[in-house]
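J.: Would you mind keeping the following structure in view while I ask a few things?
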C-alpha cells in the first residue's frame with residue numbers, strides 16, 4: 819500500500835500527511851522519485867483506492883487465490899491458487915476462458931503474462947520450484 823509521508827512538526831512531534839496525486843507527479847517530474855516508486859505509489863494512491871468497488875466475484879478455484887495478473891490490454895486476467903491451476907478469465911464476460919493444469923505440486927504464488935507473446939505465454943512460480 820501507500821505509505822503516507824511522515825513530516826516533522828514543531829515541538830518534535832510527527833504527523834501523518836498524505837500526499838495528493840499531483841504531488842506524486844511533481845516529485846517524479848523533479849527526478850526525486852524513481853520510476854518504480856512512482857508507478858507503485860500511483861497504482862496504490864489513496865485517491866484511486868477509495869473509489870474501488872466490487873464489480874464481480876470470480877469463483878472457480880478450489881483453493882485460495884494467491885496472485886492475479888492482467889494482460890497488457892486488460893482483456894484477460896490470470897489467477898493462480900493453492901489448487902495448482904492457472905485460470906485465464908475473460909474480463910468482459912467474467913468467465914473462465916482457459917484452465918491450465920500447471921503441473922505444480924504446491925501452492926502457486928506467482929503469475930505473469932510474458933510480454934511480446936500476444937498473451938499466449940505465461941509464467942508461474944510455486945513453492946515446489
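Residue numbers (this note's numbering): 819 to 947.
Note that the Cβ used here is the ideal one computed from N, Cα and C, for glycine as well.
(1) Classify residue 898: buried if its beta carbon has 16 or more other beta carbons within 10 angstroms, exposed otherwise.
(2) Can you tell me whether DSSP reads residue 913 as helix, strand or coil?
(3) Hey, out of 915, 889, 919 and 903, whose CA is closest to residue 935's CA?
(4) Taking 9 Å as the CB-CB cut-off, is residue 879 touching chain C?
(5) Note down, in chain order, each residue of its chain lying with its Cβ closer than 6 Å to the Cβ of residue 924, except the 5 sequence neighbours on either side.
(6) By the three-class DSSP mapping on this structure, what secondary structure does residue 896 have?
(7) Residue 876 by DSSP, collapsed to three states: which one?
(8) So who's on the other strand from residue 919, going by DSSP bridges?
(9) Straight-line CA distance for residue 825 to residue 849?
(10) Which residues does DSSP list as the beta-bridge partners of residue 852?
(11) DSSP state of residue 781, grouped into three classes?
(12) Return the chain-ordered list of same chain residues with a C-beta closer than 6 Å to the C-beta of residue 939, the five sequence neighbours on each side being excluded.
T.: Straight from the coordinates:
(1) buried
(2) strand
(3) 889
(4) Included in the structure is just one protein chain, with no chain C present.
(5) 944, 945 and 946
(6) strand
(7) coil
(8) 903
(9) In this prediction, residue 825 scores a pLDDT of 35, lower than 50, which makes its location untrustworthy; the coordinate-derived value is nonetheless stated afterwards. Taking the straight line joining both Cα atoms gives about 20 Å.
(10) None; residue 852 has no bridge partner.
(11) With the chain covering only 819 through 947, there is no way to say anything about residue 781.
(12) 932
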